[in-house]
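Residue numbering for the sequence shown is 2 to 525, as defined by the numbering used here. Glycine included, each C-beta is placed from N, C-alpha and C at the ideal position.
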Amino acid sequence: MTAQSLLKPRHRTASTHRWWPILPIVALAALLRFAGLSNQPLWMDEIASLHNAQILSRSGLPAVAAQDHVAPLSAVLDSISIGIGGPSEFWLRLPAAVAGTLAVAMTYAVAQRILRDRAIASGAALFAAVAPFAVWYGQEARMYSLLLLFSLLYVWACWSLVDGTARARDWVLMTVSAALGLWAHHYMALLIAAFGGFLLVQTGPRAALRLDPRARRLFLWAGTQVIAAATFVPWLLLTRGQGNSTGFEKSGPLLWLPYTLFSDLAGMTLGPSVRDLRDTDALHALLANAPAVTLTVAAFATLLVAGLPVLWRHGKAATAWIITWALVPPVLAIALTFVADVSYNARYAITAFPAVGLLVGAAVSRISTNWWARLAALLTAAVVMWSLANWYTNAHYGKDDLRSPAAVLKSQLQPGDVLILDNARAASTLDYYGWRCAPSDVAIGSADGAKGAASALSSRSGPGTTWLLVFRPWETDPGGLVPAALGAGRAGELVGSWPGSTLTRYPGTPTVTASQDVAVGCPR
């Protein structure tokens, strides 16, 4: 059996899309994304989104390109939103919430087009509505909900090439959605590559090399993608002088793909949190969260057992694509970390998230006739409800909180006091929440800066109080040199501890001289 025959789709008769069953699910998605949209504080990446939107409004796209290489479509939408309602958490996050809600409706449409089964489509949409991973990014002022939406539009259009129903509408949409996806995030290219590889296998590599007429759709698809990529070239030229590094190095690359699949099902609010994985090694983090990890693994296993046979019965091509969709974008994103100056994060593979939703939909569609489906539904529901409860009620899983320490500093910091920022990247978020830097305040920008500043901090002969804000210490002070130096003199008093940050005060003030990676006066 050839690869082409294996992947040849099985056509099924189906009624046209009926949208009425999806309306309550979309309403639920909107409720989960819009309720409490301002509850979580903005964290530093969202502050970067705010700054990009404000720069765009003041000075245009070239000015944004001079500051940040990240694709700017979300900045455009953010600038419109905050232009209407002001730079609050709600209005800054509004475009993400809208895109995340629309993505639920598109999940239904994609599942219906690929699998021609309204029960599966409804189950996939319901999972997309309540999935903690999707809810998280539906309440974050970044580009990931937009990327998710455009990736779904893209797959919906491109599937017409597989089932032989492509019309002018589909050719236009696969071009436009690819372009919009690239303008939302560079990693839209990973989904494009995944579908291109799938289409090449389905067409047959030999047919493509021989320019066989059967390969016509492949070459036409490639032409649409060249057009889409060409629209993105101006941004690449504008940002050619910008560094393209992202994030910080993470350990355990063999765990990145399993963690991505875990996150697709359970989100970042069940099992080890991102901070847990930073503060300790992966094994200890997993053992400390064994019940949640075990439940999620069991849920995923039962989804595979219950869902894959259902997908297979709906067509080999559909099954092959859904597996490709789930695995290839994260694998490519991981591979990039070995050849480029980028790190990996599960959100970079959000274009693959809907494939897990289709697996869930397939599994639960047989809940009335199959006990594996019932078990999969029960375990998945337990994972989702536990994770969502953590998201809304458990501060351990909250976004990095600099709103709370900013409020304390505004009310308690006295003239003559000195604030030490153990991570200079906290300054812009503190500034957003009303803290204003004093000329004597100190910001540490790297591990070398922490080492250089430590010697001056143990001696505090000046009057007043020294305040230490520790924020994401793994970035600039992984050895804890600054807290150790301050505590070597007189012991400090813990003022507060919040997700991602702690605030401690010490008697006396030091004299710190500015040097490389040690800024006095906190320039931003």
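{"Item": "Consult DSSP for R506 and reduce its assignment to one of helix, strand or coil.", "Value": "strand"}
{"Item": "Go to I193, then tell me how far its beta strand (DSSP E) extends in each direction, as first and last residue.", "Value": "Careful: I193 lies outside any beta strand (DSSP E), inside the alpha helix (DSSP H) at M189 to T204."}
{"Item": "Check the C-beta distance from V329 over to L337 and give it rounded, since I have them as a contact under 8 Å.", "Value": "Their Cβ separation, rounded to whole angstroms, is 13 Å, which puts V329 and L337 out of contact at 8 Å."}
{"Item": "Sort A327, Y345 and L116 by Cα distance to A334 and report the nearest one.", "Value": "Y345"}
{"Item": "What does DSSP give as the partner residues of W462 in its beta bridges?", "Value": "It should be noted that the sequence gives Ser, not Trp, for residue 462. Answer is none; S462 lacks a bridge partner."}
{"Item": "Roughly how many angstroms separate the alpha carbons of T102 and Y109, rounded to a whole number?", "Value": "12 Å"}
{"Item": "Only counting the same chain, and skipping five residues up and downstream in sequence, which positions put a Cβ closer than 7 Å to that of T303?", "Value": "W373, L376, A377 and L380"}
{"Item": "Buried or exposed, going by whether 16 or more other CB atoms sit within 10 Å of the CB of G536?", "Value": "The question about residue 536 has no answer, for the chain in this structure spans 2 to 525."}
{"Item": "Secondary structure at V71, three-state DSSP: helix, strand or coil?", "Value": "coil"}
{"Item": "For the beta strand (DSSP E) containing V365, list its first residue and its last residue.", "Value": "It is not in any beta strand (DSSP E) - V365 instead sits in the alpha helix (DSSP H) that spans F354 to V365."}
{"Item": "Find the nearest neighbour of W20 within the set L33, R34, Q113 and A97, judged by alpha-carbon distance.", "Value": "Q113"}
{"Item": "Considering only C-alpha positions, which residue in the set V163, G165, A125 and W157 is nearest to T176?", "Value": "W157"}
{"Item": "Does the beta-carbon of N1 have 16 or more other beta-carbons within 10 angstroms, so that it is buried, or is it exposed?", "Value": "In this structure the chain extends from 2 to 525, so residue 1 is not present and cannot be described."}
{"Item": "Exposed or buried, what is K400 when buried is set at 16 or more other beta-carbons lying within 10 Å of its beta-carbon?", "Value": "buried"}
{"Item": "Pull up the DSSP beta-bridge partners for E494, would you.", "Value": "R506"}
{"Item": "Just to confirm, are S146 and A72 a CB contact at a threshold of 8 Å?", "Value": "no"}
{"Item": "Rounded to whole angstroms, what's the CA-CA distance from Q1 to G37? Just pull it up for me.", "Value": "This structure leaves residue 1 out entirely; the chain is present only between 2 and 525."}
{"Item": "In chain order, what residues of the same chain have a beta carbon less than 7 Å from the beta carbon of A448, not counting five sequence neighbours either side?", "Value": "T477, D478 and P479"}
{"Item": "What residue range is occupied by the uninterrupted beta strand (DSSP E) comprising V443?", "Value": "V443 to I445"}
{"Item": "When the Cα atoms are used, what is the spatial distance from T512 to S456?", "Value": "10 Å"}
{"Item": "With DSSP as the reference, label P152 as helix, strand or coil.", "Value": "Residue identity check: residue 152 is Ser in the sequence provided, not Pro. Three-state DSSP puts S152 in a helix."}
{"Item": "Taking T410 as part of the alpha helix (DSSP H), name the residues at either end of that continuous run.", "Value": "Checking the displayed sequence, the identity of residue 410 turns out to be Leu instead of Thr. R404 to Q413 is the extent of the alpha helix (DSSP H) around L410."}
{"Item": "Near F1, what residues of its chain come up, given a Cβ to Cβ distance below 6 Å and the 5 sequence neighbours on each side ignored?", "Value": "Lying before the first or after the last residue shown, residue 1 is absent from the chain, which here runs from 2 to 525."}
{"Item": "Output yes if chain B places a C-beta closer than 8 Å to the C-beta of V227; else output no.", "Value": "Annotation note: the requested chain B is absent from the structure, which comprises a single protein chain."}
{"Item": "Looking only at DSSP bridge pairs, what is W499 linked to?", "Value": "S502"}
{"Item": "Once the 5 residues before and after L219 are set aside, which same chain residues still bring their CB inside 7 Å of it?", "Value": "L200, L201, T204 and A209"}
{"Item": "So, for T320: in the same chain, excluding its five sequence neighbours on each side, which residues have a beta-carbon less than 8 Å away from its beta-carbon?", "Value": "L309, L312 and W313"}
{"Item": "Is DSSP giving H257 helix, strand or coil here?", "Value": "Checking the displayed sequence, the identity of residue 257 turns out to be Trp instead of His. Note: W257 maps to helix in three-state DSSP."}
{"Item": "Rounded to a whole number of angstroms, what is the C-alpha to C-alpha distance between V131 and S462?", "Value": "55 Å"}
{"Item": "Write down the C-beta distance between I83 and A54 rounded to the nearest angstrom, noting that I regard them as a contact closer than 8 Å.", "Value": "6 Å"}
{"Item": "Out of L57, G268 and L221, which has the shortest C-alpha to C-alpha gap to A135?", "Value": "G268"}
{"Item": "Leaving out five residues on either side along the sequence, give the residues of the same chain with a beta carbon under 7 Å from the beta carbon of S16.", "Value": "A caution first: S16 carries a pLDDT of 45, below 50, which makes its placement in the model unreliable, though a value can still be read off. Within the same chain, S16 has no close Cβ partners at all."}
{"Item": "What alpha helix (DSSP H) runs, 4 residues minimum, are completely inside the stretch 120 to 178?", "Value": "133 to 139 and 145 to 164"}
{"Item": "Taking A185 and S75 to be in contact with their CB atoms under 8 Å, please state how far apart those CB atoms are, rounded to whole angstroms.", "Value": "6 Å"}
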